[in-house]
Amino acid sequence: MKHWKALAVTSLLAFPVSGLAADISATLYKNPNCGCCAEYAKYLEQNGFDVETIDTHDLVKMKAEYNVPEELHGCHTTVVGDYLFEGHVPVESVTSA
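Counting with mature numbering (1 follows the signal peptide of the UniProt record, and there is no 0), you get residues -21 to -1, 1 to 76 for the letters of the sequence shown.
Here it is in structure tokens:
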């Protein structure tokens, strides 16, 4: 019985990110010409996020609407629930927010 419990805990620890991100919606605002932002969207999707990508040529205006300080501007902005993330934030940080 102890072996089974250890295996169950090990199995849970082996896939923590996708389990935590299941059914989490994210909106990613990016410049349509930015390839790294598209890769970040794929990264989120590969980790279980449902990602809506919004291409915009006016990221500065969008960031101002969210009150993002200029010194914190990243190449894209991701909104998850009540949280906003700038740049390439590891999925572990997004799911723990």
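All C-beta atoms in this analysis are idealised placements derived from N, C-alpha and C, irrespective of residue type, glycine included.
Keep in mind that this is a model prediction, so the values were computed, not measured.
For residue i, the three-state DSSP class (helix, strand or coil)
i     : result
ALA5  : strand
VAL59 : strand
Rounded separation between residue i and residue j - CA only
i     : j     : result
GLY27 : GLU50 : 30 Å
ALA76 : LYS9  : 21 Å
TYR22 : CYS16 : 10 Å
ILE3  : ALA20 : 13 Å
VAL59 : ALA5  : 5 Å
HIS52 : VAL70 : 19 Å
ALA43 : VAL68 : 20 Å
Near the ligand ADP: residue i beta-carbon under 8 Å from a heavy atom
i     : result
VAL39 : This structure lacks the ligand ADP; in fact it carries no ligand of any kind.
For residue i: DSSP bridge partner residues
i     : result
ASP34 : LYS9
LEU51 : Beta-bridge pairing links LEU51 to no other residue.
GLU44 : In DSSP, GLU44 forms no bridge with anything.
GLU65 : THR56
Whether residue i touches residue j by CB criterion (9 Å)
i     : j     : result
THR57 : VAL73 : yes
MET41 : THR32 : no
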